[in-house]
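Take 15 as the starting number for the sequence shown in this note's numbering and just add one per residue. Beta carbons: idealized from backbone N, C-alpha and C, even for Gly.
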Amino acid sequence: MSAFDSFQEVDIRAGKIEKVEINEKAKKPAYKMWINFGEELGVKTSSGQYVNEYTPEDLVGKIVVCAINLGGRRIAGFMSEVLVMGANNENGSTKLLSIDGAVPLGSKIF
Numbered sequence: 015m016s017a018f019d020s021f022q023e024v025d026i027r028a029g030k031i032e033k034v035e036i037n038e039k040a041k042k043p044a045y046k047m048w049i050n051f052g053e054e055l056g057v058k059t060s061s062g063q064y065v066n067e068y069t070p071e072d073l074v075g076k077i078v079v080c081a082i083n084l085g086g087r088r089i090a091g092f093m094s095e096v097l098v099m100g101a102n103n104e105n106g107s108t109k110l111l112s113i114d115g116a117v118p119l120g121s122k123i124f
């Protein structure tokens, strides 16, 4: 399989963060997030350690880039179904990949 074919295997979509809560069970401060991917895919959950960069109010309404077909993982008692993509800044904190402007929820990223 070529590198491009491997990339095509990962289903990356745009989703809107609708709800954010602190995960009280996490060893390191983390958020529980509910992300809407539109009618076809629905709402999926994710966990992430973004508390150094974002408040819950910063995150709600943000359109983020997520890998949705990597399988779920239970993280500190919370099922994380999708991976919200990001990059570390110079301080080692994660900045989320997001989309400026409106796109249909669930839009495929290419």
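At a Cβ-Cβ threshold of 8 Å, I77 and K109 do not count as neighbours. Counting only runs that start and end inside the segment 45 to 120, the beta strand (DSSP E) elements of at least 3 residues fall at 45 to 50, 57 to 62, 77 to 81, 87 to 89, 92 to 94, 100 to 102 and 108 to 110. DSSP lists R27 as the beta-bridge partner residues of K122. The closest CA to that of P118, considering only F18, A17, E38 and G52, is found on G52. Judged by their CB atoms, V96 and A81 are nearer to each other than the 8 Å cut-off. Judged by their CB atoms, V79 and I113 are nearer to each other than the 8 Å cut-off.
Within the same chain, K46 come within 6 Å of E35 by CB-CB distance, once the 5 residues on both sides are set aside. Approximately 7 Å separates the beta-carbon atoms of T59 and F92; this is inside 8 Å, confirming the contact. K33 is bridged by DSSP to W48. Between A90 and S61, the C-beta spacing is below 8 Å.
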